[in-house]
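The structure appears below as structure tokens.
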Amino acid sequence: MDTRSESSEYCLIMSVEEARRKLGLSRGLMYKAIKRGQIPHLVVGRRILIPKKSFSQWLDKLHLSPQEERSHEEDV
Numbered sequence: 189m190d191t192r193s194e195s196s197e198y199c200l201i202m203s204v205e206e207a208r209r210k211l212g213l214s215r216g217l218m219y220k221a222i223k224r225g226q227i228p229h230l231v232v233g234r235r236i237l238i239p240k241k242s243f244s245q246w247l248d249k250l251h252l253s254p255q256e257e258r259s260h261e262e263d264v
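Quick note on numbering: this note's numbering labels position 51 of the sequence shown as 239, and the sequence is numbered without any gaps.
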């Protein structure tokens, strides 16, 4: 049994590399997007971490059409 993959299932944070692979971006483009504030992230010391919940919400928001986004905002 691989405990590393099990524990990563329950982890609330992912590395830039994990997020980069999910998005299919190059390393350079990923760091540019982070620097521009386009991708939700935390900086802890010298590490950049991606909160999974914020990342998922950010992705969901990208998939909403403008009309869906307006109706979603009305629900809130």
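We treat Cβ as the ideally placed atom computed from N, Cα and C, and that holds for glycine.
Asked: Nearest to R235 (by Cα), restricted to the options Y198, S203 and L211; Found: S203
Asked: Boundaries of the beta strand (DSSP E) in which S203 is found, first to last residue; Found: I201 to S203
Asked: Straight-line Cα distance separating Q245 from I227; Found: 11 Å
Asked: Residues sharing a beta bridge with P228, DSSP; Found: Bridge partners of P228: none, in fact.
Asked: Simplified DSSP state of Q245, which is helix, strand or coil; Found: helix
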